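> Attaching a single structure in structure tokens format; questions to follow.
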Amino acid sequence: MRVLPPVPFVMREAQEDFICHGQTIRKGTTVYIFIYGVHHDSNAFPQPERFDPDRFHQSSVTNEERSPFAFVPFSAGSRNCIGQFLSSSQLHQ
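Taking this note's numbering, the leading residue of the sequence shown gets 21, the next gets one more, and so forth.
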């Protein structure tokens, strides 16, 4: 789900003005978050194209090393995928 996310992007509305990569994003602007790009960021996932299931093992990474939003196959927050828990339960049977 990191290498090929189930959805290409999610949309959110900026709740306040902020600066991203030198660009000011105004409150109320619709922001598209490209999930594939987030999941292939080499700052969060060194060698992002390499298959390495150990990168998700609890002991291999601390919260200081990787943002909790670096891996968001179901999106995040109050508008995340309603099937997230069903999918997770199916994977862990």
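Even for Gly, the Cβ is constructed at its ideal location relative to N, Cα and C. These numbers come from a predicted model, not from an experiment.
Rank G103, R32 and G97 by C-alpha distance to the C-alpha of Y52 and give the top, closest one.
Here residue 52 refers to the residue found at position 32 when the sequence shown is read from its first residue. Nearest of G103, R32 and G97 to Y52, Cα basis: R32.
> Could you give the residue range of the beta strand (DSSP E) that holds V51?
Walking along the sequence shown from the start, residue 51 turns up at place 31. Where V51 is concerned, the enclosing beta strand (DSSP E) stretches over T50 to F54.
> By the 10 Å Cβ neighbour count, where 16 or more other Cβ atoms means buried, how is V30 classified, buried or exposed?
Residue mapping note: residue 30 aligns to position 10 of the sequence shown, counting from 1. Its Cβ being crowded by 16 or more others within 10 Å, V30 is buried.
> Using the three-state DSSP reduction, which class does F94 fall into: helix, strand or coil?
Sequence index remark: in the sequence shown, residue 94 carries index 74 (1-based). F94: coil per DSSP, three-state reduction.
> Around the C-beta of R99, are 16 or more other C-beta atoms found within 10 angstroms, so that it is buried, or is it exposed?
Taking the sequence shown and counting its residues from 1, one reaches residue 99 at position 79. Exposed is the call here.
> What would DSSP say about V23, mapped onto helix, strand or coil?
Here residue 23 corresponds to residue number 3 of the sequence shown, with the count starting at 1. Coil at V23, not helix or strand.
> If P25 and I45 are in contact, beta carbons under 8 Å, what's the gap, nearest whole angstrom?
Here the question's residue 25 lines up with position 5 in the sequence shown. Here the question's residue 45 lines up with position 25 in the sequence shown. No, P25 and I45 are not in contact; Cβ-Cβ is about 23 Å, not under 8 Å.
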